[in-house]
Amino acid sequence: MSKKILILLTFFLINPSVAEEIEHYSSAEALKKDYPFSQAVRVENILYISGIVAQGNDGKIIKGGIIEESHFVLKSMGEILAHFDLGYEDVFKCLVMIDDIGEWPDFNSVYTQYFEKPYPARSAFGADGLALEASLELECLAYFKD
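According to my numbering, the sequence shown is numbered sequentially starting from 1.
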């Protein structure tokens, strides 16, 4: 490899003005709770939204079961998306972790109230021991079109 190519590679790999910025986001409420993670991180035109559980202001999972938790989680997802001027239609991938896979149809009945066809790609699995004993946790990826 020539010396010129090595110099150019070094410049582009370590020059911060060439690299895209990483933007971290947490709501004011989340910052008060001092979580050891960001609620969302933007890298170039992808928004990575951390797993969301239905944690109320008291720090506990809201009462009411899978239907209520699903609405809470999906509304919270919408608030994060809105902060970035995105909507549910900009989500292209979701990961669903559900404590009782038997409640899968109940989750889907709520999910389809927020997402429309064509739906995002999605993976799901039953998970025992979700954070704060939640019934479900949802994380998603969204795309910035501009």
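Built from N, CA and C at the ideal position, the CB exists for glycine as well. Quick caveat, the model's predicted, so the values are computed rather than measured.
Mind reading off the beta-carbon distance from A148 to L47? Whole number of angstroms is fine, and I expect it under 8 angstroms. This structure cannot speak to residue 148, because the chain is shown only from 1 to 146.
Report the partner residues of G126 according to the DSSP bridge assignment. Counted from its first residue, the sequence shown places residue 126 at position 126. G126 pairs with I98.
In whole angstroms, give me the CA-to-CA distance for D148 and A28. Outside the displayed range of the chain (1 to 146) lies residue 148, so it cannot be described from this structure.
Any chance the stretch 49–69 sits against the stretch 112–122, with 3 or more Cβ pairs inside 8 angstroms? The answer is no - the stretch 112–122 does not touch the stretch 49–69, with fewer than three Cβ pairs under 8 angstroms.
Applying the criterion that 16 or more other CB atoms from any shown protein chain within 10 Å of the CB defines a buried residue, is F72 buried or exposed? If you number the sequence shown from 1, residue 72 lands on position 72. Residue environment for F72: buried (at least 16 other C-beta atoms within 10 angstroms of its C-beta).
Provide the residue(s) that pair with Y48 in DSSP beta bridges, ordered along the chain. Taking the sequence shown and counting its residues from 1, one reaches residue 48 at position 48. Looking at the DSSP output, Y48 bridges to V41 and L141.
Whose C-beta lies closer than 8 angstroms to the C-beta of I14 among residues of the same chain, with five residues either side of it excluded? Counted from its first residue, the sequence shown places residue 14 at position 14. Low confidence applies to I14: its pLDDT is 46, below 50, so where it sits in the model is not reliable, and the reading given next is rough at best. Apart from sequence neighbours up to five positions away, no residue of its chain approaches I14 with a beta-carbon distance below 8 angstroms.
From G51, K93 and N45, residue whose alpha carbon lies closest to that of F144: For the purposes of this step, residue 144 is identified with residue 144 of the sequence shown, where counting begins at 1. Each of G51, K93 and N45 was checked against the Cα of F144, and the nearest Cα belongs to N45.
Distance, Cα to Cα, E69 vs S38? Residue 69 sits at position 69 when you count from the first residue of the sequence shown. Residue 38 sits at position 38 when you count from the first residue of the sequence shown. Rounded to whole angstroms, E69 and S38 show a C-alpha spacing of 21 angstroms.
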